[in-house]
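K.L.:
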Amino acid sequence: MKKQHMNRDWIATAATLSSALPYLQRYDGAIVVIKLGGHAMGSDEAMDTFARDMVLLRQVGVNPVIVHGGGPMINAMLDKLEIKSEFVGGKRVTDKATMEVVEMVLSGLVNKRIVQAINRQGGMGVGLSGKDANLITCDQTNPDLGFVGTPADMDASVLHHLFEKDMIPVIAPIGAGREGETFNINGDTAAGAVASALKADRLLLLTDVAGVKNAEGDVVTELKATDVEAMTRSGVIAGGMIPKTETALQAVRNGVRACTIVDGRVQNSVLLELFTLHGAGSMIRPD
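Given below as structure tokens:
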């Protein structure tokens, strides 16, 4: 007879699973929109970890929706094809040639890589863009920037059909114009629009920073919308954090229960945010 001695790590794992029960019950049936970008897309290992977490969410009754970026991959392909980009006010002008590359990279290369990663972990990932089933209809953001769009009309019915089949939607931030144009959408903006259309329980914006920091440089774990506005006016929230907090504010004011800016560099950050007390970033709630 083989004797088995209890390992402290095993006991800790069991305790962690047990403590997660209230959170599992809380999010049963919930819709969670996750913007995937940054470190989580940077390596095959990170992608596999993220995909496994998405399959786990679906397995315990959560309905995850993934909206992804892909800026570095777009830049690499433009360089490879020797397509020069113009910039206006620091923003890339998306002309017709650039838009074709953007759609090819986002809807093709990047989107299918995420779908394959989910399927390898035993899930059922389905790749979409905002052009599918009229999911995202855009207006042109600024004529000077070319084919860059702002979500105007949303039809999330296709996503509800996928939830019913236990599938995980993976959405490329490409939208359709009213005259048949194709528009590139900022990934955070697209994720916020999808979350708002679904009245999602949570919107998680994965990024490569620890979260929103106060004037002392400490991460603030929970903020109200008015806190974010005050910190932005005073200059505490600045630079690249401003677009993310603006997306969060718009989402929570459009019916999303809460938005968290999550440190995607932390392994299993989505699980930590949803299923533990301490979380993994800065949560923004409506007032």
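Just so we're aligned: 48 in UniProt numbering is position 48 of the sequence shown, and the numbers increase by one with no gaps anywhere. We put the beta carbon where it would ideally sit given N, CA and C, even for glycine. Please read these numbers as outputs of a predicted model, since none were measured by experiment.
1) Thinking I31 and L272 are a contact (beta carbons under 8 Å), I'd like their distance in whole angstroms, please.
2) Residue range of the alpha helix (DSSP H) that L271 falls in?
3) What do you get for R58, buried or exposed, if any count of 16 or more other CB atoms within 10 angstroms of its CB means buried?
4) Looking at R285 and A258, is the spacing between their C-beta atoms short of 7 Å?
5) Taking the Cβ atom as the reference point for each residue, do S282 and G217 lie within a distance shorter than 7 Å?
6) Tell me the rounded alpha-carbon separation between I237 and Q140.
7) Quick check on L134: does DSSP put it in helix, strand or coil?
8) Give a yes or no on contact between the stretch 96-116 and the stretch 72-84, applying the rule of three or more CB pairs nearer than 8 Å.
9) Would you say L206 lies against chain D (beta-carbon separation less than 7 Å)?
10) Using the rule of at least 16 other Cβ atoms within 10 Å of the residue's Cβ for burial, across every protein chain shown, is R178 buried or exposed?
11) As an exercise, report each continuous beta strand (DSSP E) stretch of at least 3 residues that is fully enclosed by the stretch 17-85, in chain order.
12) So, are the CB atoms of I185 and G175 less than 7 Å apart?
P.N.:
Looking at the atomic coordinates:
1) About 19 Å; that fails the 8 Å criterion.
2) 269-275
3) buried
4) yes
5) no
6) 27 Å
7) Looking at the sequence shown, residue 134 is not Leu but Asn. Residue state, collapsed to three classes: helix.
8) yes
9) In the displayed structure, chain D is absent; only one protein chain is listed.
10) exposed
11) 31-36, 63-68
12) yes
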